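Notes for the one structure printed next.
Protein chains: 2
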Amino acid sequence: MTFPASTRNEETIRTIVNAAAESFAEDGFVGARVDDIARRAGINKALLYYYVGDKAALYAHVLLEAFQQACSLVDSAVDTHSSAEEQLRGAIAAVARTAAANPSFPRLMLREITTGGTSLPEPVLKTMGHIFGTICRILRKGIEDGTFRNVDPLMTHIQIMGSILFLSTAEKTARRILPFAPVPQEELQPITADNIARQVADTILGGIRQQ
Amino acid sequence: MTFPASTRNEETIRTIVNAAAESFAEDGFVGARVDDIARRAGINKALLYYYVGDKAALYAHVLLEAFQQACSLVDSAVDTHSSAEEQLRGAIAAVARTAAANPSFPRLMLREITTGGTSLPEPVLKTMGHIFGTICRILRKGIEDGTFRNVDPLMTHIQIMGSILFLSTAEKTARRILPFAPVPQEELQPITADNIARQVADTILGGIRQQ
DNA sequence: GTCTATATACCGATAGAC
DNA sequence: GTCTATCGGTATATAGAC
């Protein structure tokens, strides 16, 4: 924790950050209300400012925490496998599980993408760069040992992340669309972390495998 | 055009709607400023209200126009092919081209997804439902004739759209991340509509094809 | 139809009592 | 450390002159 008045009451700060993560994910940085975050945290607005500084500092902290968690889960998932195929499957599952355990994460990410990442602080950019480097290394290894065909690492990485983040977030919107779609709706799978991981891993791995 | 004062000056309304699409895509509904939209359109704020009503009505109009364009392009792309594989490839290319020709579209869509689509007006939901129905029909046909394996239509549809929209929007953020990534950056492809269409079609089709 | 000026409301941030 | 009260700035929307 890196806030000015963080000598004590670590758990008050935790409560504020959790409330802020939800609020920023729901309404975005401009849409989120400091009053609302304070109310969710069960405290007063002036006290929030006392603990965590202004709105921008709180937002930067929320972002960094979410991405660092995703990053460490991806790294440890990759370390437990050796083949490129298993490593990629493990990385995909790690991101899908992070998104499911912390529903703010995919929404924060999608929002940042739409703004072009212009307000991302350097520590967050570094964390995102680290994840991209990990995926890149897996793809490169698979291409060199003949497992994968010669795909573009950047586009493949963006597609993998886009698939997982979108699947993790789109269910609510999809449920509003389905009543207007002229299709039978019996056998649709629930969108769980496991199903997302399987869907993305099966299609991407099948799509980039050397035939 | 369905605005109150639309008896004349159709092109003034066009200018306003185009300015609004950019502004909403850049800053979101809450972040966009009516003053800014009026300034981009080269007119006065009071005149904007005179022509198109309030901010919410303008936003609903921008959304509907973008989705209807995507919808009709997908439909006509599908109609010019007969096999499930060619139809899916055509639909993917149509969405990618729509996103490239109208950069507001993917960003508006990503923003709506993060809010759960709670503010989407019914005509937009109908249009999105129509596109989903089209993709569903292609997948079902391919599954029945043995071209595709038995994939979940909803998850596959969400993955396809997420891949295209994310790839169409993420380049700016990616360029900010790349300097922090420990990878060589010579041979990365530029993210054009054609490259997006090829990347998504190749991976998804390869991933869902019956082996 | 087009403008200026303004009403009204809200929000981020802080001052200051306890 | 925790609160109430409020300042200052800014946003949507409209009134009203021309």
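Going line by line, the protein sequences match chains A and B.
With the first letter of the first sequence counted as 1, position 122 gets the number 122 in this note's numbering; the numbers rise by one all the way through.
In this note's numbering, each residue's number is its place in the second sequence (first place is 1) plus 1000.
Backbone N, C-alpha and C define an ideal beta-carbon position, used for all residues, glycine too.
Note that the coordinates shown come from a computational prediction; the quantities given were computed from them, not determined experimentally.
{"query": "Cα-Cα, which of B:Ile1158, B:Leu1167 and B:Val1151 is closest to alanine 1100 of chain B?", "result": "B:Leu1167"}
{"query": "Taking all protein chains shown into account, decide if glycine 28 of chain A is buried (16 or more other Cβ within 10 angstroms of its Cβ) or exposed.", "result": "buried"}
{"query": "Under DSSP, the alpha helix (DSSP H) around arginine 1097 of chain B begins and ends at which residues?", "result": "1084-1101"}
{"query": "Going by the DSSP bridge assignment, what does arginine 209 of chain A pair with across the sheet?", "result": "A:Phe148"}
{"query": "Would you mind sorting arginine 175 of chain A into buried or exposed? The rule is 16 or more other CB atoms within 10 Å of its CB.", "result": "exposed"}
{"query": "Looking at chain B, is there any beta carbon in it that lies within less than 8 Å of the beta carbon of lysine 172 of chain A?", "result": "yes"}
{"query": "Do threonine 1115 of chain B and threonine 114 of chain A count as a contact pair if the criterion is CB distance below 8 Å?", "result": "no"}
{"query": "Apart from the five residues just before and just after glutamine 193 of chain A, which ones in its own chain have a Cβ nearer than 6 Å to its Cβ?", "result": "Going by the sequence as given, residue 193 of chain A is alanine instead of glutamine. Once the five neighbours on either side are set aside, the close Cβ partners of alanine 193 of chain A are Ala96, Arg97 and Ala100."}
{"query": "Among the residues of its own chain, which have a CB less than 8 Å from the CB of aspartate 1134 of chain B, if the five just before and after it don't count?", "result": "Checking the displayed sequence, the identity of residue 1134 of chain B turns out to be threonine instead of aspartate. If we look at threonine 1134 of chain B and ignore the five residues flanking it on each side, its Cβ neighbours are Val1074, Asp1075, Val1078 and Ala1091."}
{"query": "Leucine 1165 of chain B by DSSP, collapsed to three states: which one?", "result": "helix"}
{"query": "Is it buried or exposed, glutamate 1011 of chain B, if we count other Cβ atoms within 10 angstroms and call 16 or more buried?", "result": "exposed"}
{"query": "In whole angstroms, give me the CA-to-CA distance for leucine 205 of chain A and isoleucine 131 of chain A.", "result": "18 Å"}
{"query": "Taking only three categories from DSSP, how would you classify valine 1078 of chain B?", "result": "helix"}
{"query": "Answer yes if the segment 1102-1121 of chain B comes into contact with the segment 1055-1066 of chain B, meaning at least three C-beta pairs across the two stretches below 8 Å, and no otherwise.", "result": "yes"}
{"query": "Just to make sure I have the definition right: I need the residues of chain A whose C-beta is within less than 9 Å of the C-beta of glycine 1028 of chain B. Which are they?", "result": "Gly28, Val30, Gly31, Arg111, Thr114 and Thr115"}
{"query": "I want to see whether chain A comes within less than 8 Å of isoleucine 1208 of chain B, judged by CB atoms only; does it?", "result": "yes"}
{"query": "Phenylalanine 67 of chain A and methionine 128 of chain A - do their beta-carbons sit closer together than 8 Å?", "result": "yes"}
{"query": "If you compare alpha carbons, which of B:Ile1177, B:Leu1125, B:Ala1201 and B:Gly1207 is closest to phenylalanine 245 of chain A?", "result": "Outside the modelled stretch of chain A, which goes from 1 to 211, sits residue 245 of chain A, for which no answer is possible."}
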